[in-house]
Every structure is written in C-alpha cells, then in structure tokens.
Amino acid sequence: MLTDKELDNFIICKKCDTLHRKIPLHQGGKALCSKCNTLIYHRDDKMIEKTLALVITTIISLMVAFNFTIISININGLEQSLSLLSLFSVLLEHQQYVVGVMFLFLIVLFPLMMLSSIFFALFFITIKRYGYTVRRLLILLSHLKHWNMLDIFFISLLVAMVKLFDYAKIELGIAFIAFILTLGLELTITKNINFDELWRKYENTYGDNYDKE
Amino acid sequence: MIKSSNFVRCHTCEAVNYEYHGKGIFCRRCHSRIHQSRNISYHKTWAFLITAIILYIPANLYPILITKKFGVQTESTILGGIIHLWEVGSYPIAIIILVASVFVPLLKFIFITYLLISTKYNVKSSRIDKHKLFYITEAIGPWSMIDVFVVIILSVLIHFSGVQVFPGTGATSFALMVFFTMLSALSFDTKLIKKES
C-alpha cells in the first residue's frame, strides 16, 4: 500500500484514464499524456496570483456584459435592443418559465457562482484562513464547470446576428465587447487553473485540522 | 507492483485513489463519493437517457419557433428551420444548427447507449477508446443548447407590435432534453468501463 503522499506522485489522464508518474517540470513546462497527448498538468509558480487578478477582471467585465445593451437592431426605423434584463421580461411575457429558469441558471447564476467561488477560494488560500469554506468551494467548482454555458450563448448570439443580417441594421453595444473580453479571460482562467495543484496547496496550507468536519 | 487498474481518479479533485472492487469509495482528499454501487449508476444513467430520448420526440415535432406577422401565425420545427435556412442560402448557419441540434443529441444517445451496453455485456474493445468516447460525450453535450439560445435571442430582438417571434413548446422540451442528456452523462460511472479489464 502506498501512502497518500506517494499517491500524490501519480496522476491519471482525464481523457484516456492512463496512470502516469509525475515528473518534475521547470517553470512554464507542460506534461502531456503518453497515450493521447492531452495536457495533463503544467507548472506555474505564480498560478494563484495570476488567476486572482484575472478573476477580478472577469467579474467586472461580466457585470458590464450583464447590465448593458448587447446588440440593438434597427428594422426600417423600428428599434429593439437586447440586454439580459429585457431577455427575462420577454421570456416571462411569453410564459416560457422552464426555458427562463434554465437560462437564468446556465447563463447568469452558474458563471457568476463559478467566478466568485474561484475568487474566494484563491483569496482564502492566500490569506491561509477558512479552510473548510475553501474545501466546499473547490468541490462546488468541480460540479459547476459542466454547467457554464456562457461560451455557447455567445456563439448563439453570433448565429442570431447572421440570421438577422439581411433584414436589419445591427449595432453592437458595449456589453458585446464586454462579452468577448469575459470569454477570453474565462478561457485563460480555465487553461491556467490547475485543480490538482490547488487541492495540494489546500492540504499543505490547512493540514488535517479542517478535514474532519 | 503498480497496476493501472488498481487506481481510480477522483472526478472532483483529480486525486489518484486506490480502487476497492465492489465497494463504494470516498476520495482520500476531498471526501466526495467516487463510485456508487455499480448498479445504481447504471440504472440512473439509463433512466436519464430514456427521459432524454422521450423528450427528443416532442422537441422535434412541436414548433421551436413561432412567428406572428400581423396576426398570421407560422410555426417552424427544428428540421423545418434548418431546411428553410438551407433553401435561403445561409449554408454555414444551417450546418451549425444541424450539427448542434440534430447530430450532437443523436450522437450522445448512441454513445451513451453503446457505453452502457458494451460495459454490461463486456463487448471486446479497447478500454482507452471507451474512456475517450465518454470524454467526447461529456464535452459535446452542452453545445446542443445553441438552437434554444438563438430562439430566445431572436424572440427578444424581434418583438414589435406587428411582427413577433417567440419560443414554442419545442424549445422547452429541447432544453429539458439537453439537461437530461447531460445528467445522464454525468451519472455514468467510469468504473463500469474499468471493471471488465
């Protein structure tokens, strides 16, 4: 039987489930799976600091994306604009409650929860306090990552714009740019963040005292 | 002796854990459940999958988009919308919608059914391929929501007194269908793949 410390030297590829022994990397190095070439882990000594900065920026730009006009169209003088708020009022007006609730969760709540839990988890790890909360947040994050559909919403936005292109004059709002920014930042965060590393940091920082709750 | 089949990856924190056959395991690091009893996971996945397949029928039969032009109401289903887009000449959009809302759900149904049946009856095929197939199934899942989102966005933008577009029953059942296929993929247990080796 191997101890937990020894088990930490192994890693399993998320794509093809092959077991690997970890090798030490230099700063910025990447380790690929020997069977399917997927990126398994990488080393970044400043991961927490970088991600914290990115998350704060992302939350600000997400706020802009949620509150301002995304696009507005003009058909022969008739104007109509799209923002998240108008989206819900229209969905309620058409009595599409199921779609409305799903939309609320997938596009608004889950991305917000994801970003804020990354922020708080990293922040608490940095100040070395609230170990139990960090654990809950890290577990929450692993469940949330399947349910964030912000990127899909953006692609749908592009599809809808192309559909309207022939009939209407389309103007991009400030939230559209904020959306692109948010998605770019979010992609960088998900590429940068290393959950295995975070969990190990959590264990090193808080030890076993918080674990038994 | 270190053998790959003795270890299992925690889905929550990615830690490597020992595998104890036939027992439910809790992760050593984050204490979340890695495996349920084999049967629970197997039946749960089937249940969600069947729900999704049933919902796929109204999603295709009922209109996903209803257009009201000066009192005249026209309805279009998913396939009808794709055919219309193709006839109008927006081929890229037609292909995106076709892939996202027809192929992706069908592929997911086929993949999950294959994974369930092949693990139950120990069909001979590479274990690694099955893991990859599962990974792909998980990754492509949410992309079928594109059509629903497009309909929602259009219904907000085309909302004048004369002309109105709004989502129909098809949109609701389609959204629910995607939801249940995702649940089905999430409840599939990779241990089912492992067991045969």
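Protein chains in written order, with the numbering used here: chain A, 1 to 213; chain B, 214 to 410. Glycine is no exception: its CB is placed at the ideal position from the N, C-alpha and C atoms. Please read all numbers here as calculations on a predicted model, not as lab measurements.
So is residue i buried or exposed if we call it buried at 16+ other beta carbons inside 10 Å?
{"i": "E213(A)", "result": "Bear in mind that the predicted position of E213(A) carries a pLDDT of just 41, short of 50, making it unreliable; the figure below should be weighed with that in mind. E213(A) is exposed by the Cβ-count criterion."}
{"i": "S410(B)", "result": "Unreliable placement is indicated for S410(B), whose pLDDT of 44 sits below 50; the coordinate value is still reported in the next sentence. So S410(B) ends up on the exposed side."}
{"i": "L198(A)", "result": "buried"}
{"i": "T287(B)", "result": "exposed"}
{"i": "Y233(B)", "result": "exposed"}
{"i": "F283(B)", "result": "exposed"}
{"i": "R246(B)", "result": "exposed"}
{"i": "V378(B)", "result": "buried"}
{"i": "H26(A)", "result": "exposed"}
{"i": "V364(B)", "result": "buried"}
{"i": "Y304(B)", "result": "exposed"}
{"i": "S34(A)", "result": "exposed"}
{"i": "I267(B)", "result": "exposed"}
{"i": "D342(B)", "result": "exposed"}
{"i": "S386(B)", "result": "buried"}
{"i": "E6(A)", "result": "exposed"}
{"i": "I174(A)", "result": "exposed"}
{"i": "I152(A)", "result": "buried"}
{"i": "V391(B)", "result": "buried"}
{"i": "Y202(A)", "result": "buried"}
{"i": "H256(B)", "result": "exposed"}
{"i": "P380(B)", "result": "buried"}
{"i": "D360(B)", "result": "buried"}
If the criterion is Cβ atoms closer than 8 Å, does the pair residue i and residue j meet it?
{"i": "T3(A)", "j": "I12(A)", "result": "no"}
{"i": "L112(A)", "j": "C243(B)", "result": "no"}
{"i": "T290(B)", "j": "P276(B)", "result": "yes"}
{"i": "G100(A)", "j": "L91(A)", "result": "yes"}
{"i": "H94(A)", "j": "S374(B)", "result": "no"}
{"i": "I48(A)", "j": "L122(A)", "result": "yes"}
{"i": "L115(A)", "j": "V55(A)", "result": "yes"}
{"i": "H344(B)", "j": "K15(A)", "result": "yes"}
{"i": "T225(B)", "j": "P318(B)", "result": "no"}
{"i": "I155(A)", "j": "T51(A)", "result": "no"}
{"i": "A384(B)", "j": "Q80(A)", "result": "no"}
{"i": "I325(B)", "j": "L370(B)", "result": "no"}
Would you mind telling me which residues of chain B sit closer than 7 Å to residue i, beta carbon to beta carbon, in chain order?
{"i": "H42(A)", "result": "Correct list: empty, because the minimum Cβ distance to chain B is about 14 Å."}
{"i": "L87(A)", "result": "I365, V369"}
{"i": "C16(A)", "result": "I341, H344, K345"}
{"i": "F195(A)", "result": "C226, E227"}
{"i": "V99(A)", "result": "V361, I365, P380, A384, T385, A388"}
{"i": "K35(A)", "result": "I341"}
{"i": "F103(A)", "result": "I365"}
{"i": "I73(A)", "result": "L370"}
So residue i is in the alpha helix (DSSP H); what residue range does that whole segment cover?
{"i": "A53(A)", "result": "47-67"}
{"i": "I277(B)", "result": "Run containing I277(B): none; DSSP gives neither H nor E here."}
{"i": "R340(B)", "result": "340-353"}
{"i": "I308(B)", "result": "304-311"}
{"i": "A384(B)", "result": "382-400"}
{"i": "I330(B)", "result": "317-333"}
{"i": "Y206(A)", "result": "195-206"}
{"i": "L112(A)", "result": "110-127"}
{"i": "K5(A)", "result": "4-7"}
{"i": "V336(B)", "result": "It is not in any alpha helix (DSSP H) - V336(B) carries neither H nor E in the DSSP assignment."}
{"i": "F103(A)", "result": "97-103"}
So with CB distances below 8 Å, who are the chain B contacts of residue i?
{"i": "E203(A)", "result": "R242"}
{"i": "L115(A)", "result": "Neighbours of L115(A) on chain B: none; closest Cβ ~18 Å, over 8 Å."}
List the residues of chain A whose Cβ lies closer than 8 Å to the Cβ of residue i, in chain order.
{"i": "H372(B)", "result": "Q80, V90"}
{"i": "V229(B)", "result": "L7, D8, F10, I11, I12, L19"}
{"i": "Y304(B)", "result": "Result: empty, since nearest Cβ-Cβ is about 11 Å, beyond 8 Å."}
Looking at the secondary structure, which residues open and close the beta strand (DSSP E) in which residue i lies?
{"i": "I23(A)", "result": "Premise fails: I23(A) is in no beta strand (DSSP E) and is neither H nor E."}
{"i": "L82(A)", "result": "78-82"}
{"i": "V285(B)", "result": "285-289"}
{"i": "S368(B)", "result": "No beta strand (DSSP E) contains S368(B), which is instead part of the alpha helix (DSSP H) from 359-370."}
{"i": "Y41(A)", "result": "39-42"}
{"i": "F10(A)", "result": "10-12"}
{"i": "K30(A)", "result": "30-32"}
{"i": "I75(A)", "result": "71-75"}
Starting from the beta carbon of residue i, find every residue of chain B whose beta carbon is closer than 9 Å, and list them in chain order.
{"i": "D45(A)", "result": "Near D45(A) there are no residues of chain B at all, since even the closest Cβ is about 19 Å away, more than 9 Å."}
{"i": "K26(A)", "result": "One detail in the question is off: residue 26(A) reads as His in this sequence, not Lys. Here the premise fails: no neighbours, minimum Cβ distance about 22 Å."}
{"i": "R135(A)", "result": "C243, H244"}
Counting only Cβ pairs nearer than 7 Å, list the residues of chain A close to residue i.
{"i": "I366(B)", "result": "L82, S156, L157, A160"}
{"i": "T225(B)", "result": "I139, S142"}
{"i": "W356(B)", "result": "I152"}
{"i": "S331(B)", "result": "What S331(B) touches in chain A: nothing, since even the nearest Cβ is about 15 Å away."}
{"i": "S245(B)", "result": "I139"}
{"i": "L399(B)", "result": "H146"}
{"i": "F322(B)", "result": "Ordered by position in chain A, no residue passes the 7 Å Cβ test against F322(B), which lies about 18 Å from the chain."}
{"i": "I309(B)", "result": "V159"}
Mind pulling the chain A residues with CB within less than 9 Å of residue i?
{"i": "M395(B)", "result": "H146, W147"}
Which whole runs of the beta strand (DSSP E) in the region 134-187 of chain A are 3 residues long or more, in chain order?
-> Within the region 134-187 of chain A, the beta strand (DSSP E) runs of at least 3 residues that lie entirely inside it are, in chain order, 169-172.
Taking the runs of the beta strand (DSSP E) that are 3 residues or longer, which of them lie wholly in the region 221-260 of chain B?
-> Note on the region 221-260 of chain B: whole beta strand (DSSP E) runs with a minimum of 3 residues are 229-231, 246-248, in chain order.
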